[in-house]
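Residue numbers (our numbering), protein chains in the order written: chain S, 7 to 320; chain W, 7 to 320.
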């Protein structure tokens, strides 16, 4: 069966937020009785806590992202909660604590508040638990930024265990937003095109990337982004792999594009620099021994993964 | 270069909304002077008109989707306009006419109001012009449903030539929404899994499909949708091609998934039926000569395209 042969390029477990054993159990989302029992009475249930977009972790020498019912109750008032799904017979809920608690929580010795990016970078949890925390963060952020109906301006309320908001005025239903982003290398034989943004750490180069727009295919968006940022024309585009990216709620779609031109002109509003790198150089960059000290994004980011795919194809 | 070899599966020109020669010229979006001149004074500029989500076409025996400045002015008040880009040195704007005009416009003999789906199905315009009309429809619909800030409930206003809305209260910027949808065949050797919704035309079967959720990869979403709708387990997933789908603003992501189980149990809330079809049957369905009268979605839809890819791989 040629669809599933070895020309496929698949995800690796070190790609952050991309590996999940969570069963989203969407059929249970409308079961209010099941939800209430799981939330209040099931001793197996675990809660993932965030406060002001930041995961709240228990600390007893080790870090723990999952709280049981008793531990949750000790925090007092919960701002909002949603049902994430079931993993290994454990129901997961995402919980947002009141922002007013933030400073107090930071002072507690039995807790650590660590931002999502650092948790992912440091590999503090299993790949699947990282994904569940990322999903909780993306969903809670969406609720916070969508408290009002975009259609009529009236307040909306959470419904379907957190997977929908319903307007209390015009009754429009609103569903969580996922923003597709294309992220890519343009490839010219044995070299590839990478750039750096003005805010990048010194020496850092990475894949180009940009948000998709209505009316575009993945392939057209890939070609447009490369052309806009570097004036390099590209032809064929190949999808490689995807990564959910909860900052706040993107889907990174990783691609390679076949370069059809060579002369770079950067858009200074988008990039500080862009240049061609040989496969040997990219290999050095990933290994951390490039002679000019050029560095790659961390392994948990899809840009690193795409660079590795380029090196491995040599 | 193995990334761009013949194992790639690429789009065909009969896939609706997926072929575009439009240069979105995003650098011009912030140039108010350029915009105003192109809109008011450039004789090359053309306008794509919609009223109540329906394309407005000029009719003189033939149908025309592009209006010049003089023809636009004859309609009087314009509700909103946005800059689409430049195609073959022709600036395109998307225009929404006042909904109050709808009934009068329908009566005019020099116009036809034809819904977007019919325009695509009937192949009334070139693939690239169809894409431009689809983009105009998706963008204008987004503006209409996002007149208020989801963050604070206050009115927002169009900015950046239509590619952004800015809140007049909390100043949050809002960008057009694109909803990724996975659409797929589960494949078990020489047969594939298709289903029919309760609202489908009689005899119609198609690919399964569903909206992606925050925190999912394309591959995980594909496996989840198949499992939810039919209880078929799948393993490897291969991306095939994508299609913008302006109803209202989706990105259809077409995939094949390798089936790992065989016994179908449908979710009656999602499907009226699902069954395995042999490659020979799918070929008959696409040719319109299946003995049981089973039919496929039209050629302009990605489901038809995915079925064809499955047949061609035999």
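Using N, Cα and C, we set each Cβ at its ideal position, and we do this for glycine too.
At the level of alpha carbons, what is the spacing between residue i and residue j?
i: residue 42 of chain S; j: residue 167 of chain S; result: 10 Å
i: residue 257 of chain S; j: residue 188 of chain W; result: 13 Å
i: residue 113 of chain S; j: residue 266 of chain W; result: 50 Å
i: residue 307 of chain W; j: residue 96 of chain S; result: 40 Å
i: residue 74 of chain W; j: residue 111 of chain W; result: 17 Å
i: residue 49 of chain S; j: residue 99 of chain S; result: 13 Å
i: residue 301 of chain W; j: residue 64 of chain W; result: 33 Å
i: residue 268 of chain W; j: residue 151 of chain W; result: 42 Å
i: residue 37 of chain W; j: residue 255 of chain W; result: 26 Å
i: residue 132 of chain W; j: residue 180 of chain W; result: 32 Å
i: residue 173 of chain S; j: residue 173 of chain W; result: 19 Å
i: residue 7 of chain S; j: residue 197 of chain W; result: Bear in mind that the predicted position of residue 7 of chain S carries a pLDDT of just 47, short of 50, making it unreliable; the figure below should be weighed with that in mind. Whole-angstrom Cα-Cα distance: 11 Å.
i: residue 223 of chain S; j: residue 192 of chain W; result: 23 Å
i: residue 287 of chain W; j: residue 253 of chain W; result: 30 Å
i: residue 46 of chain S; j: residue 77 of chain S; result: 12 Å
i: residue 320 of chain S; j: residue 10 of chain W; result: 14 Å
i: residue 245 of chain W; j: residue 260 of chain W; result: 6 Å
i: residue 175 of chain S; j: residue 283 of chain W; result: 46 Å
i: residue 24 of chain W; j: residue 220 of chain W; result: 25 Å
i: residue 190 of chain W; j: residue 311 of chain W; result: 11 Å
i: residue 185 of chain W; j: residue 217 of chain W; result: 7 Å
i: residue 143 of chain S; j: residue 303 of chain S; result: 22 Å
Can you look up residue i in the DSSP assignment and give me helix, strand or coil?
i: residue 288 of chain W; result: helix
i: residue 282 of chain S; result: strand
i: residue 29 of chain S; result: strand
i: residue 196 of chain S; result: coil
i: residue 53 of chain W; result: strand
i: residue 243 of chain S; result: strand
i: residue 170 of chain W; result: strand
i: residue 315 of chain W; result: helix
i: residue 7 of chain S; result: Bear in mind that the predicted position of residue 7 of chain S carries a pLDDT of just 47, short of 50, making it unreliable; the figure below should be weighed with that in mind. Coil, per DSSP.
i: residue 178 of chain W; result: coil
i: residue 301 of chain W; result: strand
i: residue 269 of chain W; result: coil
i: residue 184 of chain W; result: coil
Taking the alpha carbon of residue i as the reference point, which residue from the options has its own alpha carbon closest?
i: residue 183 of chain W; options: W:198, W:148, W:154; result: W:148
i: residue 178 of chain W; options: W:164, W:186, W:259; result: W:164
i: residue 22 of chain W; options: W:38, W:127, W:51, W:46; result: W:127
i: residue 6 of chain W; options: W:79, W:77, W:80, W:102; result: This structure cannot settle anything about residue 6 of chain W, because the visible part of chain W is limited to 7 through 320.
i: residue 250 of chain S; options: S:10, S:9, S:26; result: S:26
i: residue 238 of chain S; options: S:129, S:263, S:28; result: S:263
i: residue 68 of chain S; options: S:130, S:226, S:107; result: S:130
i: residue 240 of chain W; options: W:253, W:270, W:259; result: W:270
i: residue 29 of chain W; options: S:245, S:261, S:206, S:226; result: S:226
i: residue 273 of chain W; options: W:107, W:218, W:234; result: W:234
i: residue 242 of chain S; options: W:247, W:143, W:175; result: W:247
i: residue 121 of chain S; options: S:93, S:44, S:61, S:305; result: S:61
i: residue 94 of chain W; options: W:303, W:146, W:52, W:70; result: W:52
i: residue 118 of chain W; options: W:66, W:155, W:143, W:80; result: W:66
i: residue 40 of chain W; options: W:71, W:79, W:92, W:206; result: W:92
Taking one C-beta from the segment 300 to 317 of chain S and one from the segment 25 to 42 of chain S each time, how about it: are there three or more such pairs within less than 8 Å? Taking a cut-off of 8 Å for Cβ pairs, the segment 300 to 317 of chain S and the segment 25 to 42 of chain S do not touch, as fewer than three such pairs fall below it.
Inset, instruction - Please name the residues in the segment 212 to 224 of chain W whose beta-carbon is closer than 9 Å to at least one beta-carbon of chain S, in chain order. - result: For the segment 212 to 224 of chain W, which is checked against every Cβ of chain S, the residues closer than 9 Å are 217, 218, 219, 220, 221, 222, 223, 224.
Would the segment 227 to 243 of chain S count as touching the segment 148 to 167 of chain S if we require 3 or more Cβ pairs under 8 Å?
Contact between the segment 227 to 243 of chain S and the segment 148 to 167 of chain S is absent, because fewer than three Cβ pairs lie under 8 Å.
The segment 49 to 63 of chain W contacting the segment 165 to 182 of chain W, beta-carbon criterion three pairs below 8 Å:
Short answer: they don't touch.
Query - Cβ contact (3+ pairs, closer than 8 Å) linking the segment 275 to 295 of chain S and the segment 193 to 213 of chain S - result: Enough Cβ pairs lie closer than 8 Å, so yes.
Would you call the segment 79 to 86 of chain S and the segment 133 to 140 of chain S touching, i.e. three or more CB-CB distances under 8 Å? As far as the Cβ criterion goes, the segment 79 to 86 of chain S does not touch the segment 133 to 140 of chain S, which means the pair count is below three.
inquiry  = Three or more C-beta pairs under 8 Å: does that hold for the segment 193 to 209 of chain W against the segment 268 to 284 of chain W?
reply    = Output reads yes: the segment 268 to 284 of chain W touches the segment 193 to 209 of chain W.
Exercise for the section: Could you list the residues in the segment 83 to 111 of chain W with a C-beta less than 9 Å from some C-beta on chain S, going in chain order? Expected result: Those would be 90, in chain order.
Given a limit of 7 Å on CB to CB distance, which residues of the segment 270 to 287 of chain W reach chain S? So the list is empty, because no residue satisfies the distance condition.
_So if I threshold CB-CB distances at 9 Å, which residues from the segment 236 to 251 of chain W count as touching chain S?_
So the close ones are 241, 242, 243, 244, 245, 246, 247, 248, 249, 250.
For the segment 148 to 159 of chain S, enumerate the residues whose C-beta is nearer than 9 Å to any C-beta of chain W, in chain order. Residues 148, 150, 151, 152, 153, 154, 155, 156, 157, 158, 159.
Original post:
What residues in the segment 181 to 198 of chain W have a beta carbon less than 8 Å from any beta carbon of chain S?
Top reply: When CB distances to chain S are screened at a threshold of 8 Å, the residues of the segment 181 to 198 of chain W falling below it are 181, 182, 183, 184, 185, 186, 193, 195, in chain order.
Near-chain W residues of the segment 33 to 63 of chain S - C-beta to any C-beta below 7 Å: Result list empty, no residue passes.
- Item | Contact residues within the segment 124 to 146 of chain W, judged by C-beta distance below 7 Å to chain S | Here the close residues are 137, 140, 141, 144, 145.
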